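In the working numbering, the protein residues as written are 2 to 463. All C-beta atoms, glycine included, are put in the ideal place defined by N, C-alpha and C. The model shown is predicted, which means the values in this text are computed figures rather than measured ones. Before any comments, here is the structure.
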């Protein structure tokens, strides 16, 4: 943005400088051209008077002497002819045989208007012919022709243009400097605001400076800081709520479980007692799931979810958790395929503990819902900026209409009468994945089965 703003300001500044400099250059050249015309026209008029006197007296001696002195002084040719085109004076290399001179003489004898002198520029070098008729408008007795050099005038124009160009460059440089300072003053607060907003979005506290830039941007910076403080306070309150809820609910549940255990030896109706214990265990699982989900959602919004956490080796975590779940898979009648060996770490921007929790949810679902005889595989795919964890089973899978609902809270395959599960596992995994900038995706496997894909940002290796 700063580059675009600077380009606009510099373009406008250069346009303003050019709008003043170009007319000034033209005016300077016109002024010097006019000075040359006035000076040489005066000289020609003087020679016209002398030529008329010579024609009247029949003696051109004084005229010749004056013309030669002029040519010697200014290095410019003078040609004076009579009405019969016969030369009376030829000096400075200008003769009546010159084609251009003859053309001008003929036009002057016919009283044709003299062509205007072209504007003199620094590169002009063509001499200019000045011509005047000798005599009156009704009786022309000769022509005075003067070939004026434009070298001195061109040098004067070049010097004037150089001074104007130097001044224009100085002014342009000042304008550019002003544009740089102005763009920095305007854009720097925007960059700081962008950095602050990205910091809040990325899970970091932001404090944008409020003492620079236009008043509107300073006000916006103050609003961003207040928003950051509000987000921090909201996240802290949510964390405290999770902690308080955990404490307040776990204690009564633990006391209830303890009383049931103490009554276990005295209860005669064992089926009712065992059903009560199973219901308490189910409530404990639901409570644990709710607390885990609340913690995951808090992590997704709180500022503690930073990108600078210690990265984890996904391949190593997969190998460790697959080994831990192999016995449970055997008990459920499923086959958990060992992971292939890896030579290089697959680092992801997720702490090892959270990655293990996510993988436990996926393996738990696969082990207990794929059914007997199912094969469960855990693998991964790596890209330039991400790593994908893939858990696949060839169990019954889910119908297409259930794939989109599987990550909803309390949703369980088979309806409310499902024998096991709280319906919170995939919801927890989804929130933990989202907290780390990842994506959880469910896919159907042909001819049957389910595949869960967790794509996480790859950690940058130093």
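Q) Hey, quick one: how far does the beta strand (DSSP E) through residue 131 stretch, first residue to last? A) For residue 131, the enclosing beta strand (DSSP E) stretches over residues 129-136.
Q: Rank 334, 78, 360 by C-alpha distance to the C-alpha of residue 148 and give the top, closest one.
A: Of the candidates 334, 78, 360, the one whose C-alpha sits nearest the C-alpha of residue 148 is 78.
Q.
I'd like to know whether the C-beta atoms of residue 368 and residue 326 end up nearer to each other than 9 Å.
A. A contact, by the Cβ cut-off of 9 Å.
Q. How big is the Cα-Cα spacing for residue 86 and residue 96?
A. Rounded to the nearest whole angstrom, the C-alpha separation of residue 86 and residue 96 is 11 Å.
(Q) Could you give the first and the last residue of the continuous beta strand (DSSP E) run that contains residue 79? (A) Where residue 79 is concerned, the enclosing beta strand (DSSP E) starts and stops at 78-83.
Q. Residue range of the beta strand (DSSP E) that residue 445 falls in?
A. Run containing residue 445: 440-445, per the beta strand (DSSP E) assignment.
Q | Where residue 183 falls: helix, strand or coil (DSSP) | A | DSSP places residue 183 in helix when its eight states are reduced to three.
(Q) For residue 350, which residues in the same chain have their Cβ closer than 8 Å to its Cβ, ignoring the five residues on either side in sequence? (A) Non-local beta-carbon contacts of residue 350 in its own chain, meaning distances under 8 Å to residues more than five positions away in sequence, involve 308, 310, 312, 437, 438, 457, 458, 459, 460 in chain order.
Q: With residue 452 as the anchor, note down where its beta strand (DSSP E) starts and where it stops.
A: Here the beta strand (DSSP E) through residue 452 covers 451-458.
Q.
Quick check: the segment 129-148 against the segment 167-174, are at least 3 beta-carbon pairs closer than 8 Å?
A. No, because fewer than three Cβ pairs between the segment 167-174 and the segment 129-148 fall closer than 8 Å, the two stretches do not touch.
Q) Where DSSP assigns a beta bridge to residue 338, which residues make up the other side? A) Residue pairing by DSSP puts residue 338 in a beta bridge opposite 378.
Q. If we call anything under 9 Å between Cβ atoms a contact, is residue 335 one with residue 371?
A. Contact flag set, yes.
Q.
Given this structure, state the Cα-to-Cα distance separating residue 449 from residue 287, to the nearest angstrom.
A. So the two alpha carbons sit approximately 30 Å from each other.
Q: Hey, could you find the ends of the alpha helix (DSSP H) residue 91 is sitting in?
A: No alpha helix (DSSP H) holds residue 91; the beta strand (DSSP E) holding it covers 88-92.
**Q.** The alpha helix (DSSP H) enclosing residue 44, as first and last residue numbers
**A.** For residue 44, the enclosing alpha helix (DSSP H) covers residues 3-58.
Q | Neighbourhood of residue 26 by C-beta, 7 Å cutoff - its chain only, sequence neighbours within 5 removed | A | Taking residue 26 as the centre and dropping the five residues before and after it, the same chain places the C-beta of 162, 165 closer than 7 Å to its C-beta, in chain order.
Q) Opposite residue 391 in the DSSP bridges: which residues? A) Beta-bridge pairing by DSSP links residue 391 to 380, 454.
Q.
I need the DSSP call for residue 372, collapsed to helix, strand or coil.
A. The answer is coil: DSSP assigns residue 372 none of H, G, I, E or B.
Q. Relative to the C-alpha of residue 453, which residue among 427, 432, 435 is closest?
A. Of the listed residues, the one whose Cα sits closest to residue 453 is 427.
Q) Does DSSP classify residue 354 as helix, strand or coil? A) Reduced to three states, the DSSP call for residue 354 is helix.
(Q) Taking only three categories from DSSP, how would you classify residue 149? (A) When secondary structure is reduced to three states using DSSP, residue 149 falls in the strand class.
Q. In angstroms, rounded to a whole number, what distance separates the CA positions of residue 151 and residue 45?
A. Their Cα atoms are separated by approximately 16 Å.
Q) Cβ of residue 16 less than 9 Å from any chain B Cβ? A) The structure shown has no chain B; it contains just one protein chain.
(Q) Along the chain, where does the alpha helix (DSSP H) containing residue 328 start, and where does it finish? (A) For residue 328, the uninterrupted alpha helix (DSSP H) segment begins and ends at 315-332.
Q: Let me know the secondary structure DSSP gives residue 416 once reduced to three states.
A: With a pLDDT of only 48 at residue 416, under the threshold of 50, the placement of this residue in the model should not be trusted; the figure read from the coordinates follows. Of the three classes helix, strand and coil, the one that applies to residue 416 here is coil, per DSSP.
**Q.** Cα-Cα separation between residue 177 and residue 104, rounded to whole angstroms
**A.** If I take the Cα positions, the gap works out to 54 Å.
Q.
Here's a check: name, in chain order, each residue in its chain whose Cβ is nearer than 7 Å to the Cβ of residue 387, leaving out the five neighbours to either side.
A. Cβ within range, chain order: 456, 457, 458, 459.
Q. Is it buried or exposed for residue 31, if we count other Cβ within 10 angstroms and need 16 for buried?
A. Here residue 31 is exposed, its C-beta having fewer than 16 other C-beta atoms within 10 Å.
Q) Are residue 190 and residue 219 close, meaning C-beta to C-beta below 9 Å? A) Yes, these two residues count as a Cβ contact at 9 Å.
(Q) Check whether the segment 174-188 and the segment 7-18 touch, using three or more Cβ-Cβ pairs below 8 Å as the test. (A) The segment 174-188 makes contact with the segment 7-18, as at least three CB pairs between them are under 8 Å.
**Q.** Between the CA atoms of residue 424 and residue 416 - distance to the nearest angstrom
**A.** With a pLDDT of 48 at residue 416, under the threshold of 50, the modelled position of this residue cannot be trusted; read the value that follows with caution. Distance between the alpha carbons of residue 416 and residue 424: 10 Å.
**Q.** Best match in 117, 225, 260, 186 for proximity to residue 38 [C-alpha to C-alpha]
**A.** The shortest C-alpha separation from residue 38 is found at 117.
Q: Just mark residue 183 as buried or exposed, buried being the case when its beta carbon has 16 or more other beta carbons within 10 Å.
A: In this structure residue 183 is exposed. Its beta-carbon is surrounded by fewer than 16 other beta-carbon atoms within 10 angstroms.
Q: Give the DSSP-derived three-state secondary structure of residue 464 in the structure shown.
A: Here the chain has residues from 2 to 463 only, and residue 464 is not among them.
Q) Between residue 52 and residue 135, which are expected to be in contact by the criterion C-beta below 8 Å, what is the C-beta distance as a whole number of angstroms? A) Indeed, because the Cβ distance is near 5 Å, the residues count as touching under 8 Å.
Q: Quick one: grab the DSSP three-state call for residue 304.
A: Confidence at residue 304 is low in this model, with a pLDDT of 41, below 50, so the placement of that residue should be treated as unreliable; the coordinate-derived value is given next. Looking at residue 304 - three-state DSSP - the assignment turns out to be coil, as it is neither helix nor strand.
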